[in-house]
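Residue numbers (our numbering): 5 to 235. From the three backbone atoms N, C-alpha and C, an ideal C-beta is built for every residue, glycine too. Here the structure is laid out as structure tokens; the discussion comes afterwards.
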Amino acid sequence: HLLSLLRSMSMFFGGKKPDPKEQCKKWRLSIKKEMRGLERQITSIDREEKKIKLEAKKLVKEGQIDSAKFLAKQIVQSMKAKEKIHCTKAQLNSMEMQLGNQQAMMRVAGALEKSSELMAIMNDLVKIPDIAGTMRELAQEMSKADMIEEMMDEAFEAVEPESIEEESELEVQKVLDELTGQQVGAMKASPAALPARPAAQAEAAAEEEEEEEGDVDLSEMQARIAALRAA
5 HLLSLLRSMS MFFGGKKPDP KEQCKKWRLS IKKEMRGLER QITSIDREEK
55 KIKLEAKKLV KEGQIDSAKF LAKQIVQSMK AKEKIHCTKA QLNSMEMQLG
105 NQQAMMRVAG ALEKSSELMA IMNDLVKIPD IAGTMRELAQ EMSKADMIEE
155 MMDEAFEAVE PESIEEESEL EVQKVLDELT GQQVGAMKAS PAALPARPAA
205 QAEAAAEEEE EEEGDVDLSE MQARIAALRA A
């Protein structure tokens, strides 16, 4: 116990410092782990989005245009959520590449160099709730290694998520048109507005639709999207 205490005191009072090469390797692994987590989020959103698109198409065929627009709005929101995740992933990738360059330069310089670019990226990433914990830890370690400036407490304050509740009618309409290949806005929100189909054709289409995914409750779909956005 005494030996352990002495070692700890030695580190505290300026003893042996961590190996910069090992530190850099550890940071890159942490960043890659966060990137894989973001990729899983994107895959999950994509999977849910496909289900919503199938249901929206079905509702349009049935003439339930208002309900279809509700789902189209959810699709627009999920697309915007994915854009934000892709942006975060790109910043993480940029940071990981810069750390790789630092590792390569260490063979010549023998030490990590201060980077204003890393500092700028870190300032953005520490405010993103999904990865804030890891980024805060990396920021503190990089600051001790003199790679970036010490960050003030204000820099770690999370940014309030932007509201994506209000989607423009144009965005929603565009999604509906792309899903159906026609101008859905010209339809009325009732089955009577749809072209008449022969009884046998209508019955066959109904059976085919039932075999696909089944009816999806709108409230359940909304809950799924909310859960994904909160993840």
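- Item | Contact under 8 Å by Cβ, Met110 with Lys25 | It is a contact, given that the beta carbons lie within the stated cut-off.
- Message: Looking at the secondary structure, which residues open and close the alpha helix (DSSP H) in which Ser236 lies?
- Response: Not covered by the structure: residue 236. The range shown for the chain is 5 to 235.
- So is Ala60 buried or exposed if we call it buried at 16+ other beta carbons inside 10 Å? Ala60 comes out buried.
- With 16 other Cβ atoms within 10 Å as the buried cut-off, status of Ala124: With fewer than 16 other Cβ atoms within 10 Å, it is exposed.
- State yes or no: is the C-beta of Ala72 within less than 8 Å of the C-beta of Leu58? No, the Cβ-Cβ distance between Ala72 and Leu58 is not below 8 Å.
- Item | Buried versus exposed call for Thr3 [16 or more other C-beta atoms within 10 Å across all chains shown] | What the structure shows of the chain is the stretch from 5 to 235, and residue 3 is not part of that stretch, so it cannot be assessed.
- Thinking C-beta only, is Ala143 closer than 8 Å to Ile152? It is a contact, given that the beta carbons lie within the stated cut-off.
- For Asp128, I'd like the list of residues in its chain whose CB is within less than 8 Å of its CB, leaving aside the five on either flank, ordered along the chain. If we look at Asp128 and ignore the five residues flanking it on each side, its Cβ neighbours are Gln95.
- Item | Alpha carbon of Ile89 to alpha carbon of Lys54, nearest angstrom | Each residue's alpha carbon lies about 18 Å from the other.
- Which stretch, first to last residue, makes up the alpha helix (DSSP H) that contains Met155? Segment: none, Met155 is in no alpha helix (DSSP H) and carries neither H nor E.
- Just confirm the distance between the C-beta atoms of Gln102 and Leu122, as a whole number of angstroms; I'd bet it's less than 8 Å. Confirmed, Cβ separation roughly 6 Å.
- Message: Assuming Thr138 and Glu43 are in contact, meaning their beta carbons sit under 8 Å apart, how far apart are those beta carbons, in whole angstroms?
- Response: Wrong, their Cβ atoms sit about 15 Å apart, outside the cutoff.
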